[in-house]
Every structure is written in C-alpha cells, then in structure tokens.
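Asks:
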Amino acid sequence: MFKRMTYRVAHAVLALVLSAPAGSAQAERLKDIAGIAGVRSNPLVGYGLVVGLDGTGEQTPYTSQSFKSMLSRFGIVLPEGQTPKMKNVAAVAIHAELPPYAKPGQLIDVTVSSLGEAKSLRGGALLMAPMRGINGEIYAIAQGNLVVGGFGAQGNDGSKITVNVPTSGRIPNGASVERMSPNGFADGDVVQLNLHTPDFTTAKRVADQINLLLGPLVAQAVDAGSIEVGAPRDPAQRVTFMSVLENLTLETADPAAKIVINSRTGTIVIGNHVRVKKAAVAHGNLVVTITEEQNVSQPNAFARGQTVTTPQSDVQVNQEDSRMFMFPEGVTLEQIVRAVNAVGAAPGDLMAILEALKQAGALQAELIVI
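See the structure below:
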C-alpha cells in the first residue's frame, strides 16, 4: 500500500510546500512532538592525557604507563624500571555526542574529566586522543586546550577553597569527526515517526493530519508511539517531503490526570484533568516544643557543698484546631487549589491530604512521588 502511494507523494511534494496550512497559536509542530526512527545522536568515549598543568597533575600507575606509551611512539624509550615523576600530567576520560548526519571534518564539543588524583585541569591541553563508539570503531579525534570553570587554592597549613569543579572542563569544537554514523533515513518506502510522549489520541491525530494533506492511507498509526508514512525513495525528494511534514501543526491530546510530588523539595504539580470525588477532609497540626535550660545550684556562704549546674527541660504540646473542608463531586483543579489555599495548608500538609484521598479512592489521578 505504501509503495503505491510513494509515486503520488513524490509528485505532490512541490505542491505541498505551497499548500501547507499555517498552524494556530495553540497547535504544536510535528517536529516538536515526534522524531524520525533511526535518526539520533551517538555517544562517544575516549581516554587521553592532559599536559601543561601547573603542578596540579597526578602520579598514578596508569598515568605513568600512558606517558611511557606515548613517548615510545615517538621513539623515546625510558630506562627499564624507571618511573617518570610528573606533576603536570593527568589521565582523563573524554566523552561527546556525535550528532546525526555529522560528516567527516566537522567539529564537535567534548567534555574532559579527570580519572585520578589531579587537583585541577586548569591551563591544561589535551593531546590527540581517539574517541570510539559502542562498536569500538573510531568516530572522532579529540585535541585542544581546556576551558575549566572551576579553580582551587590551598595554604601551607592545609586549608583550601574550591569554586565549582576544577577537575572537569570542555573543549569547544575539540574533536574532528572521522566517520559518519549510519542512519536509516533514506532506506525503504516508509518513514516512521516516533512520538516523544506516546499517546493513542495524538498518534491518530498525526496520521489524520498527514492524510488530510497528502491523501488517504498515506499515514497509519502503528501504536500509541509510532506513525508510518509513505515517503519518496529519492533522497532529495524525501528531504523536501520531511521538511513539509515536520512543519505540520496539530493539537496534541491532553495528558492523563497526574499529580507529581517531589518529596525532597516539597514541590507539587497537579495536572489539569485531576478530579476528586465527594469527600470531607480534616487536617490539623500537632506541634511539640522542647526547650533545655541549665540552672546553677550554689550553696550559701556557711554551708558546705559545691556549685553545680542542673538541667531543666520544658516540654510544650500545641494542638492546632483541625480544619475540615468539603470536596464536592467532580471538583476541578481550580477548586482544589482554592480550597487548599483557604485553609493555609503547607506543601507537607497537602502531600498528606492527597495521599489520603488516593488511599480513600476519592482522587481520580495517578499519584507520582519522585
């Protein structure tokens, strides 16, 4: 079916550029909610030496071994058993992201991090180091001067101060791409679009919008996260075709009702479609205050004895009045916020209320604690 539609799509590409409708203010572009299957960045990692440090390097076995191996490639052989003492060299790990469609000769940024006991990489330079992909092949060569945002200082008495992280830095355009990573963009008669947030309603709307523009049966929603679209085989036509598709606009489906609670910061986010069944809530605070004082017991002038301190503890319990409020049937987000603000509930109190409502079966939403 997709193969039959390919020829019609190929001839209609130029017409689509002129006829693609402008999106409304509330609509989202297809390029913002979906990506092309197989088109992604690839992580690269490498190992190397940073030289030129101002006495902030390290003396580790693998640093010495790496230094000896580097010298041997230049025809310099150290005496047997001699270990070079270095304070301006550090062994580092290098990592970067190889963007899709990156071609040999293009430059990418790299991040350099110390592996051992180096105190700082500030002022150092990375020597030529290969960067490999997951398959072990070399995809880039990294080299250059580091930009380090952190620094540290230490006194003779051992006191020191550190600002940010001096053992990690970046090299802008520090690696040259040597090999292009493969991708399946130009393969086959179809292009698969993967939604960033899977949703059956959004997947159907994407397929309907494409079919409305290109004709019936050009696009099909495979599942909640993928849409297959018939596309021309010619690479140039496929690029123009995808340029039109990624700028299509549509209204995405509303997300499922969720309440997200960050237990560390006390942040609570309540989604738009959260509803509460009819329920009554009473919540009060029990405050316990303990104060410790030290009293002095001193004998009079004619009595024998010693002056001592005696501890005195004062425990107070304050039970605030419980506040009860009613949630009517099908209450909305706005009504929930208004009711909580009316009683002055703190984030911790609101967490307890929401958890209790969920356990009671009165909260129609997914409760997520992060």
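Mapping of the sequence shown onto the numbering used here: position 108 corresponds to residue 1209, and the numbering continues sequentially without gaps.
Ideal Cβ positions, reconstructed from N, Cα and C, are used throughout, including at glycine.
For Arg1130, I'd like the list of residues in its chain whose CB is within less than 8 Å of its CB, leaving aside the five on either flank, ordered along the chain.
Replies: Cβ within range, chain order: Gly1124, Glu1347, Asn1348, Leu1349, Thr1350.
Asks: Using alpha carbons as the reference points, say which of Thr1302, Ala1320, Ala1381, Ser1282 lies closest to Val1291.
Replies: Ala1320
Asks: Lys1188 to Leu1216, Cα distance in whole Å?
Replies: The straight-line gap from Cα to Cα measures roughly 15 Å.
Asks: Once DSSP output is grouped into helix, strand and coil, what is the label at Met1171?
Replies: In the structure shown, Met1171 sits in a helix (DSSP, three-state: H, G or I).
Asks: Restricting to Cα atoms, I'd like to know which of Gly1237, Ala1203, Leu1172, Ser1221 is closest to Gly1156.
Replies: Ser1221
Asks: How is Pro1317 classed by DSSP in three states: helix, strand or coil?
Replies: coil
Asks: In or out: Thr1366 buried (at least 16 other Cβ within 10 Å) or exposed?
Replies: Thr1366 comes out exposed.
Asks: Less than 9 Å between the beta carbons of Ala1243 and Gly1149, yes or no?
Replies: yes
Asks: For Phe1168, collect the residues of the same chain with a Cβ closer than 8 Å to its Cβ; drop the 5 residues on either side in sequence, then sort them by chain order.
Replies: Leu1150, Pro1185, Met1187, Val1190
Asks: Locate the beta strand (DSSP E) running through Gln1293, then write down its first and last residues.
Replies: 1291-1296
Asks: For Gly1250, list the residues DSSP reports as bridge partners.
Replies: The partner list for Gly1250 (beta bridge, DSSP) is empty, contrary to what the question assumes.
Asks: With a threshold of 8 Å, establish whether the CB of Ile1242 neighbours any heavy atom of the ligand SAH.
Replies: With respect to the ligand SAH, the structure offers nothing, as it holds no ligand at all.
Asks: Leaving out five residues on either side along the sequence, give the residues of the same chain with a beta carbon under 8 Å from the beta carbon of Ala1097.
Replies: This structure cannot settle anything about residue 1097, because the visible part of the chain is limited to 1102 through 1471.
Asks: Taking DSSP's pairing of strands, which residues face Glu1129 in a bridge?
Replies: Leu1351
Asks: Any idea if Thr1303 is buried or exposed, counting beta-carbon neighbours within 10 angstroms, 16 or more meaning buried?
Replies: buried
Asks: Considering only the beta carbon of each residue, do Ala1219 and Asp1210 sit closer than 9 Å?
Replies: For the pair Ala1219 and Asp1210, the CB atoms are not nearer than the 9 Å cut-off.
Asks: Looking at the structure shown, is Met1452 part of a helix, part of a strand, or coil, going by DSSP?
Replies: helix
Asks: Given a threshold of 16 other Cβ atoms within 10 Å of its Cβ, counted over all protein chains shown, does Gln1460 qualify as buried or as exposed?
Replies: exposed
Asks: Using only the alpha-carbon positions, how far apart do Gln1160 and Val1193 sit?
Replies: 13 Å
Asks: What residues in its chain sit with their C-beta under 8 Å from that of Ile1448, if we drop five residues either side in the sequence?
Replies: Note on residue identity: the sequence assigns Pro, not Ile, to residue 1448. Here the set comprises Gly1367, Thr1368, Ile1369.
Asks: Taking the continuous alpha helix (DSSP H) assigned at Thr1366, which residues delimit it?
Replies: For Thr1366, there is no enclosing alpha helix (DSSP H), as DSSP gives it neither H nor E.
Asks: Let's test the definition: count the other Cβ atoms within 10 Å of the Cβ of Gly1285 and tell me whether it reaches 16, buried, or not, exposed.
Replies: exposed
Asks: Which residue marks the beginning of the alpha helix (DSSP H) containing Arg1339, and which one marks its end?
Replies: Per DSSP, Arg1339 belongs to the alpha helix (DSSP H) from 1336-1346.
Asks: Let me confirm a value: Ser1165 is counted as buried when at least 16 other C-beta atoms fall within 10 Å, else exposed. Which label applies?
Replies: Counting Cβ neighbours within 10 Å, Ser1165 comes out buried, since at least 16 surround it.
Asks: In the DSSP assignment, what residue or residues form a beta bridge with Lys1359?
Replies: According to DSSP, which records beta bridges pairwise, Lys1359 is partnered with Glu1467.
Asks: If you run the structure through DSSP and keep just helix, strand and coil, what is Val1178?
Replies: coil
Asks: I need the straight-line Cα distance from Leu1468 to Ala1287, nearest angstrom please.
Replies: 43 Å
Asks: Among the residues of its own chain, which have a CB less than 7 Å from the CB of Gly1153, if the five just before and after it don't count?
Replies: Asn1189, Gly1224, Gly1225, Ala1226
Asks: Among the residues of its own chain, which have a CB less than 6 Å from the CB of Glu1456, if the five just before and after it don't count?
Replies: none
Asks: According to DSSP, which residues form a beta bridge with Glu1218?
Replies: In DSSP, Glu1218 forms no bridge with anything.
Asks: Sort Ala1203, Val1377, Val1213, Ile1235 by Cα distance to Gly1462 and report the nearest one.
Replies: If we check each option's Cα against that of Gly1462, Val1377 comes out closest.
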